[in-house]
Each structure stands twice: as structure tokens, then as C-alpha cells.
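Data first, discussion second: the structure below is written as C-alpha cells.
In the working numbering, the protein residues as written are 18 to 647.
Below you can see the structure in the form of C-alpha cells.
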């Protein structure tokens, strides 16, 4: 605690090495104390547990980076932090003054769960106690503004370190569970991948005021306990403790209630008679609910207070949460913070979990079920892409279930070194083939030195040339291409687009994702931004959902390029391959062309609609400024 107190008084953004160097003696002391209960020599103990020491030291480095680079309290974390301060100092949940002091813009609503505030409370309360005693003794003055009490840097650090600590406890718990099954080496690699190759590192180190580090830690403790204790003969206290652990996780992030499926599936698939399993399930449900009751009641009180003064529709077709409609696949594979597309190691772990079923069938089935249900729930929210998320942040807790699957993949590779060598060989061959492509196309100079950074950058350019199929978006990208008829590499930008009853699209930079082919470079003039149709044909797609019997109006604002020898271009408009008419844009200024479709269903589809402009190849280029369909 003395070390933490000293850290909390450091100036903003101290160098990470200060935290690591000052914490290293405590790290060594902790190692020495950990070996004392046994008869083993300390050196032998450290060798035997070297993997755990490495994980712990990596976490110490992560804590140092947090002190240097953490973003403070951010986004939803501001609400949790402000509510904690308001409850402790003002004894209410009115946070307008806290927001004003922190320089945060007003929010349309402040409806959030309790979140990590209970996890923050012990350390935050300790800082408040020391701060109060120090001010009472005259060791330091009270802040000029009363509202500042509870919002200064030591309080912020108390919250961030608390989230980091519970996340670290969860990671260590997962590491020890993996170590028991797979051994030290595989557990070490898996634990480092779970921490450093997933969104977990972001939410433990850089943005720990969000719920995800804390919820990961709570869920990890629950998962390890559930796997260890769940059986048809489990003890009463274990069932109640599982309820307590899950209740705490629920309080941190309500979606974590889904992890109740883990012990339920373990009991349902247990090797016992159906009647015995059913009795065990009912008993666990009752005892677990008893253990979680206090947490459920606390969240109910908190929600009642917030909903009594906030206008916020939580559920329903126009509310935040609609369970009957879900973009579950996009939450996994979309380029907009998809869990698997942003975190390839999680994709590998998911495949490994299915493979892991041959070893632990019930655990693997439970993990896969929870991942799917979590995806459905996350996809049912209005902000299914999770705002400014780093990757699939709302899936961070499922890493606790996917870790054994990832470890199983590593275990199988370790048993089959030829497979691992083959993968590395393919990567080396692929690298050389990309160099061949660069050399053959003249991207590399053949008679002069080349900058290595350019060489590497161009390797990526060659690899991602259209059509680029991103493997970690499969099968969602392939299904998108099959369903829409669009190129597979358009999944990343077009799949998140909502279908609209009308659209008014200026041909600016944001319109680029809708352009399929035939378009020249983006330009602009005094009339606005534009795109040129230089060849015989240019196509774009628009996401629309128009009632079948509606009359549709299409308007295009376009201009023919003025050449030395003025000429006109007659342009044909086609929608989904059906010609709707022609128009001849003016040359001196943009002109407006209007087309009418009496019945939408005769031309338009529900979804992506192809809009094509065709003109004679030898006609002057035509600039399109805007297209509107309503």
C-alpha cells in the first residue's frame, strides 16, 4: 500500500520504468513469500514457476505503461467515476457537477449499470480517507472547488489500478487453470496471447475505466470456480459462492449473466441420470440466485433511481435493445470492431474450442454456446459496433472460455512440429512471392538501392490488391457476397450500412465506399465535390428499403466536361439493370435530371441496389455531384 500511495502522488504520466523499477523489489519479495509455505528452495521454486513469474512481471510492465499512457477516465468510464464520487461525497447520483468539473460534454442520458464502481470502491475509499485525514491535519490544503474532492489524479489512479488489479487476478487464475491441464510452457504462451493479442490489453492498460478489464477478471474467477466445483454432488457453499461471483460479474457488466450457462451446461451434460441432473440444476439455480440476490437487488435499486429521472427506452424496436433482431454475425466479423476480424487469435481460439470438444466436450459446448448467445445479445443493441471500441470489447470476457481452446491448438502444434514448420515455410514462400510480384511489376528499382520501409509497405500493398479476401472475416464476407452479388472485398465497408427508405448522397469522400467500378478520381469545383465518369460505364450501389407500392423519384446532379471543342454526352440511367431513361448534362453548369418509378417493387430491391450510368465511350467525361432517391 505504501508503494501504491507513492505511485498515486507521482506527477501525470510518469515513465513506465519508474513503476517497474520501484515495483521490482516487491515482485521479488512476493516471489519469496510465495515459496515459504513449502519446503522447496526458493531457486527451485522460481524455476518451477518461471511461467507464472513471467506473466506476473509482464503485468507489472503493463501497470507501468498504464501510469504513463492511460487515457484517464473516458467515455462510459466517466459516468461510473462520476457516480462513485457523487455517491461517496454527495450521497446521490446527480453527476452534472462532476461532468462540468471534468470538462465532459453533456450526455443525452446517464443510464449505465453500476459497473466497476464497487471494485473501485476499496482503493478509492482509501484515497478518500487518507485525503480527508491529511486535510484535517493540515498536511495539504483542501481543493479550491469542493467538487474537486474525489476527482483529482490520485482518485483517478485508484479507479484505474483497481480495474487493472482485478483483470490481472483473472488472468493469473486462467493461467493457473491452463497450467494444470497443459503444462507451464503452453500456459505461458496462451496467457501472454490472451493478454497482449486481444482487446484485453487495451482495456487493462490504456482504457481501464471502461467495464471490460474488471468484468474479465470477475468472469475469469467465476469460470475457473465453475469448472472446478460444478457437479451433481456440488457443495452448498460452492453453489452459493458461484452465485456471488456471477452476481459480482453481473453488477460490473449485466451481459455477464450469460455465463450462468456454463455450470448449467456442465450439469446438463454430466454423466448421471437425467433425474439427478435436473435436481442438481434446480438446486444450483436456487442457491446461485441466493448468492447473487444482494447484487441483483443493488442493481435494481440503482436502475430504479436512474430510470425515474431519465428518458431512456431500454427495450423494443425503437429502444436500445431489441432481442428479436440481431446483427450477431457483424459483431463477430465486421471490420467495424468485429471480435474475430479484429482479433485473429480469438478466431483461432474459437476453432480450437470446437476441436477441444474431443477432450472436454461439455466445457467446449458451453463455451461455443455462450459465444453465440453473447454475439446475439451484443448484436441486438442499437450500437452493435460498440462506438469507439478497440476491437470487440464486449466479447473480452469470453476470452476466459476460449483460452483452453487456444491452448489446445498450441498443444497440438507442439505435438506436431512439422505442421508448425510448414506454416512458417508457407509464410516465407508467400513473402518471396510478393517480392517477385513487386519486382516483375516495376515497384522495386532494379539498378539502385531501395528503402526497406518502402519494400515492406509495398509488400502489404501487393497482398491487399483488389479483390482482397480477408481470411478472418470468413464466412461473413462470403455470405455477404453471395447474398448481395457484390464483390467479397466490399463486405468491410458496406455490410454495416443500414438500409434506408431514402438517400441523398453527395459524391464526396464518404461516398467512396458505394462506388463499385468505372469511376475516375475524386474532384471538386465551385459547385462542390464530384466524381468523373470517364469511360463508358460507372456503377455504384445504394442500401435501400422502399415500400413496394411507393412511387420513387431519382434525381441526379451532373455536368459534362467542357472541352476545347464542346460536345455533349447522353447518359443512360440503369437501376438493377433496368434502363429508366437518358439525360444530357449541361457543360457550363450542373444540371438536374429527374426520373420517376411509379411502383418501387418494379425496379428496386430490399437491400443493395445497383445504379449504373452508361454513355458512349468516345463521349466527354461526365461529373456526378449528387444522387438522391426518395
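Using N, Cα and C, we set each Cβ at its ideal position, and we do this for glycine too.
Collapsed DSSP secondary structure at residue i in the structure displayed
i: residue 380; result: helix
i: residue 491; result: coil
i: residue 478; result: helix
i: residue 400; result: coil
i: residue 214; result: coil
i: residue 578; result: coil
i: residue 572; result: strand
i: residue 625; result: strand
i: residue 41; result: helix
i: residue 564; result: coil
i: residue 553; result: coil
i: residue 146; result: helix
i: residue 486; result: coil
i: residue 248; result: coil
i: residue 367; result: helix
i: residue 544; result: coil
i: residue 57; result: coil
i: residue 631; result: strand
i: residue 390; result: helix
i: residue 462; result: coil
i: residue 124; result: coil
i: residue 137; result: helix
i: residue 353; result: coil
i: residue 467; result: coil
i: residue 154; result: coil
Supposed close pair residue i, residue j - CB separation, criterion 8 angstroms
i: residue 569; j: residue 617; result: 5 angstroms
i: residue 327; j: residue 127; result: 7 angstroms
i: residue 188; j: residue 207; result: Their Cβ separation, rounded to whole angstroms, is 11 angstroms, which puts residue 188 and residue 207 out of contact at 8 angstroms.
i: residue 267; j: residue 329; result: Their Cβ separation, rounded to whole angstroms, is 20 angstroms, which puts residue 267 and residue 329 out of contact at 8 angstroms.
i: residue 553; j: residue 631; result: 6 angstroms
i: residue 44; j: residue 77; result: 6 angstroms
i: residue 575; j: residue 486; result: The pair is not a contact, with the Cβ atoms about 34 angstroms apart (cut-off 8 angstroms).
i: residue 645; j: residue 520; result: 7 angstroms
i: residue 428; j: residue 203; result: 5 angstroms
i: residue 430; j: residue 420; result: About 16 angstroms separates the two Cβ atoms, so there is no contact after all.
i: residue 523; j: residue 545; result: 7 angstroms
Given residue i as reference, the closest of the options once Cα atoms are compared
i: residue 90; options: 594, 336, 587 and 175; result: 175
i: residue 184; options: 520, 200, 222 and 198; result: 222
i: residue 342; options: 148, 394, 313 and 197; result: 394
i: residue 272; options: 178, 387, 595 and 528; result: 387
i: residue 355; options: 121, 250, 328 and 404; result: 404
i: residue 608; options: 586, 627, 621 and 357; result: 586
i: residue 158; options: 164, 148 and 549; result: 148
i: residue 243; options: 523, 28, 204 and 191; result: 191
i: residue 539; options: 548, 253 and 88; result: 548
i: residue 376; options: 59, 424 and 232; result: 424
i: residue 181; options: 231, 205, 160 and 144; result: 231
i: residue 635; options: 599, 615 and 584; result: 584
i: residue 259; options: 611, 229 and 300; result: 300
i: residue 138; options: 455, 292 and 269; result: 269
i: residue 626; options: 514, 536 and 637; result: 514
i: residue 588; options: 74, 567, 594 and 610; result: 610
i: residue 527; options: 458, 199, 510 and 542; result: 510
i: residue 253; options: 70, 234, 306 and 285; result: 306
i: residue 563; options: 541, 402, 615 and 161; result: 615
i: residue 209; options: 68, 389 and 309; result: 68
Within 7 angstroms, strictly: CB atoms of residue i and residue j
i: residue 641; j: residue 604; result: no
i: residue 561; j: residue 517; result: yes
i: residue 214; j: residue 453; result: no
i: residue 340; j: residue 349; result: no
i: residue 489; j: residue 373; result: no
i: residue 97; j: residue 164; result: no
i: residue 336; j: residue 369; result: no
i: residue 93; j: residue 129; result: yes
i: residue 359; j: residue 408; result: yes
i: residue 622; j: residue 413; result: no
i: residue 531; j: residue 571; result: no
i: residue 263; j: residue 277; result: yes
i: residue 131; j: residue 316; result: yes
i: residue 31; j: residue 84; result: yes
i: residue 37; j: residue 79; result: no
Minimum Cβ-Cβ distance from residue i to chain D less than 7 angstroms
i: residue 175; result: The chain labelled as chain D is not found in the depicted structure, where only one protein chain is given.
Practice problem: Within the region 594-621, note down every full alpha helix (DSSP H) run reaching 4 residues or more, in order along the chain. | Solution: none
Quiz prompt | Length at least 4, wholly inside the region 272-344: the alpha helix (DSSP H) runs in chain order | solution = 278-285 and 291-324
Practice problem: Could I get the ranges of all uninterrupted alpha helix (DSSP H) runs contained in the region 162-243, with 4 residues as the minimum, in chain order? | Solution: Entirely contained in the region 162-243, the alpha helix (DSSP H) runs reaching 4 residues are, in chain order, 170-199 and 201-213.
Quiz item: Going along the chain, which unbroken runs of the alpha helix (DSSP H) with 4 or more residues stay wholly within the region 494-526?
Solution: 508-511
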